[in-house]
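Chemist:
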Amino acid sequence: MKNKAPLISMGMPIYNEAKWLGQALDSLLTQTFEDFELIISDNASTDESRKIVQDYAAKDARIKLYHQAEDIGAIENFEFVLAQARGDYFMWVGGHDLWSSNLLDVLLKEMQANPHVVLCFPQTVLIDRENRPLTVFNETVDTRSEQSAAGRIWAMHRQLKRSNAIYGLHRREVLLSTLPWPKIVGGDSVLLVRAAAVGDVLTNSTGQWFRRKNHEHSSLETVQRRVQALKLSNLEAVFPVFATRVAIMAEFLKAGGSYREKIRLLNYGLRRLFLTSNQRQLFINELSFVRARLAQSFGKTKS
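Under my numbering, the final residue of the sequence shown carries the number 299; numbering is consecutive throughout.
Following this line, the structure appears as C-alpha cells:
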C-alpha cells in the first residue's frame, strides 16, 4: 500500500524561495483533498530553501525532495518535477504562492465530471509581498462547445489574460504529450496551445490561486530576467517577445479544423500577437534594449 500512486502529483521547482516557502508549503499541505504527492526540486539554492523543505518533509511523507547539485535551468527544473510524478493529474506550484484550501478538490471534481477536459484552472489573484490582493484575473474559459483543435485554441486563447492557466490541474499524460518545453520566454503559452489542441480547457473560479508579485520591474526587465533564468541564447535571447509570438503562431498553423475555423484562428493570432498597440510597444522596447546593449558592447570594445 505504501507504493500506491496518489491521484494528484504537484511539482514545485524552486530556487532561493526561503522568504515565502513556509507559507507556500502550509497552504498546500492543508488542502481539503489529501491524496497527493508534492515533488520539490531545489535547483542548487544558495539560501535556506533546502533546509526548510527537509524540515517539512520530516513531518509529512507526501513531500518528495530532490536537490540539484548545480543549476540545471528553470525549464529543466519544471520538466524534472513532472518526470517524477506518478498521479493521474498534475499541477505545477510556485514556492512563493498561496492557494485556497479547496483548490485541489474543486478542480479535481470538475475534471472527473468532464472526461474531455485536459486542463482546469482556478481564478488567479495577484498578491503583493504582504499577501494583499492587487489584481483579480477574471478569466472565463470553456472550450467545450468547440469541436476542433483550432476552435478550442481560439476559444481558450482569446479569454486568457496571461499564461496563468499553466498552473492549473492537468491530466498528466496529456501534459507530457505537450513536451518538450520550448526554449523561449513564453514556452508556457505554447504548452497551453498544445494542450487545447488535444482536449478541452475549463475555468473553475470557486478555487483561487494567489500568485505573488515578488519582483518590482517593468515588463521588459521581467522578460530579460526570464531570459537569464531560462539560459536562453541566439534569437530567443535577443528578441524574446518576438520569438515567443512566432512560436505560438506556428502552433496555430498546425491546429486541425475546418477552413473557416483555421482562418478565424490565424486572423485572431495575427491581430492579438502582433498588431495590438501593446504588442507593438513590446517589440519597440526590444529593439531599444538591443540597441542599448550593442552600444554598450561597442563602447567596451573601443575602450
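Where is the CB? At the ideal position from N, CA and C, for every residue including glycine. Owing to the predicted nature of the structure, the values given are computational and were not obtained by experimental measurement.
Among D67, H92, G7 and D84, which has the Cα closest to the Cα of E126?
Modeler: Residue H92 is the option with its Cα nearest to E126.
Chemist: Check whether the segment 67 to 84 touches the segment 130 to 150, counting contact only when three or more Cβ pairs, one atom from each stretch, lie closer than 8 Å.
Modeler: They do not touch, by the three-pair rule.
Chemist: Could you check whether L269 and I244 sit closer than 8 Å to each other, using their CB atoms as the reference points?
Modeler: Cβ atoms of I244 and L269: closer than 8 Å.
Chemist: E247: which of I4, I280 and D184 sits nearest, CA to CA?
Modeler: The shortest Cα separation from E247 among I4, I280 and D184 belongs to D184.
Chemist: Are three or more beta carbon pairs between the segment 53 to 69 and the segment 35 to 45 nearer than 8 Å?
Modeler: Counting Cβ pairs under 8 Å, three or more are found: they touch.
Chemist: CB A191 to CB L171, shorter than 8 Å?
Modeler: Yes, they are a contact pair.
Chemist: Residues bridged to E33 by DSSP?
Modeler: Per DSSP, S5.
Chemist: Distance check for L283 and S144, CA to CA, integer angstroms please.
Modeler: The alpha-carbon atoms of S144 and L283 are separated by roughly 37 Å.
Chemist: Rounded to whole angstroms, what is the Cα-Cα separation between Q119 and G164?
Modeler: Their Cα atoms are separated by approximately 10 Å.
Chemist: CA-CA distance, N210 and L61?
Modeler: Their Cα atoms are separated by approximately 24 Å.
Chemist: Going along the chain, which residues of its own chain have a beta-carbon closer than 7 Å to the beta-carbon of H18, five neighbours each way excluded?
Modeler: It should be pointed out that residue 18 corresponds to Gly in this sequence rather than to His. Excluding sequence neighbours, G18 sits near I48.
Chemist: How about R168 and F86: are their beta carbons less than 8 Å apart?
Modeler: Yes, they are a contact pair.
Chemist: According to DSSP, W368 sits in a beta bridge with which residue or residues?
Modeler: Residue 368 is absent from the structure shown; the chain starts at -3 and stops at 299.
Chemist: Could you tell me which residues DSSP puts in a beta bridge with D43?
Modeler: Paired residue(s): none; D43 is not in a bridge.
Chemist: I'd like the list of long-range same chain contacts for N200, defined as Cβ closer than 7 Å, with 5 residues on each side in sequence excluded.
Modeler: Correct list, in chain order: V102, L103, E106, C116 and P118.
Chemist: Beta-carbon within less than 7 Å of S214's beta-carbon, same chain only, minus the 5 sequence neighbours each way: which residues are those?
Modeler: Since pLDDT at S214 reaches only 47, below the 50 mark, its modelled position is unreliable, and no value is offered.
Chemist: To the nearest whole angstrom, what separates the beta carbons of F32 and P9, a pair I think is in contact under 8 Å?
Modeler: Actually they are not in contact, since the Cβ atoms of F32 and P9 sit about 17 Å apart, beyond 8 Å.
Chemist: According to DSSP, T26 sits in a beta bridge with which residue or residues?
Modeler: According to DSSP, T26 bridges with nothing at all.
Chemist: Here's the rule: buried if 16 or more other CB atoms are within 10 angstroms of the residue's CB, otherwise exposed. What is R241?
Modeler: R241 is buried by the Cβ-count criterion.
Chemist: How many Å lie between K0 and R58 at the Cα?
Modeler: Straight-line Cα distance between these residues: approximately 12 Å.
Chemist: Assign S214 to one of three DSSP states: helix, strand, or coil.
Modeler: Interpretation of S214 is limited by its pLDDT of 47, a score under 50 that renders its predicted location unreliable; the figure taken from the coordinates is listed afterwards. The answer is coil: DSSP assigns S214 none of H, G, I, E or B.
Chemist: Going by DSSP, what residue range makes up the beta strand (DSSP E) through I123?
Modeler: Start and end: V113 to I123.
Chemist: Could you tell me which whole alpha helix (DSSP H) segments of length 4 or greater appear in the segment 152 to 199?
Modeler: You should have 168 to 173 and 183 to 194.
Chemist: Measuring alpha carbon to alpha carbon, tell me which of L94, A251 and V197 ends up nearest S23.
Modeler: Comparing Cα-Cα distances from S23 to each of L94, A251 and V197, the minimum goes to L94.
Chemist: Alpha carbon to alpha carbon, how far is Q27 from R148?
Modeler: Distance between the alpha carbons of Q27 and R148: 31 Å.
Chemist: Identify which residue in V194, I280 and F279 has its Cα closest to the Cα of A251.
Modeler: Out of V194, I280 and F279, V194 has the C-alpha closest to the C-alpha of A251.
Chemist: Taking 8 Å as the threshold (C-beta atoms), are E44 and A14 in contact?
Modeler: Against a cut-off of 8 Å, the Cβ pair of E44 and A14 comes out as a contact.
Chemist: Helix, strand or coil for D51 per DSSP?
Modeler: Residue state, collapsed to three classes: helix.
Chemist: Report buried or exposed for I123, applying the criterion of at least 16 other Cβ atoms within 10 angstroms of its Cβ.
Modeler: With 16 or more Cβ atoms within 10 Å of its Cβ, I123 is classed as buried.
Chemist: Since I believe V186 is in contact with P178 (beta carbons under 8 Å), could you give me their beta-carbon distance rounded to a whole number of angstroms?
Modeler: Confirmed, about 5 Å.
Chemist: May I have the straight-line CA-CA distance separating R267 from H63, to the nearest angstrom?
Modeler: Using only the alpha carbons, I get a separation of about 43 Å.
Chemist: Would S41 and G203 qualify as a contact pair, given that the criterion is a beta-carbon distance under 8 Å?
Modeler: Not closer than 8 Å, so no.
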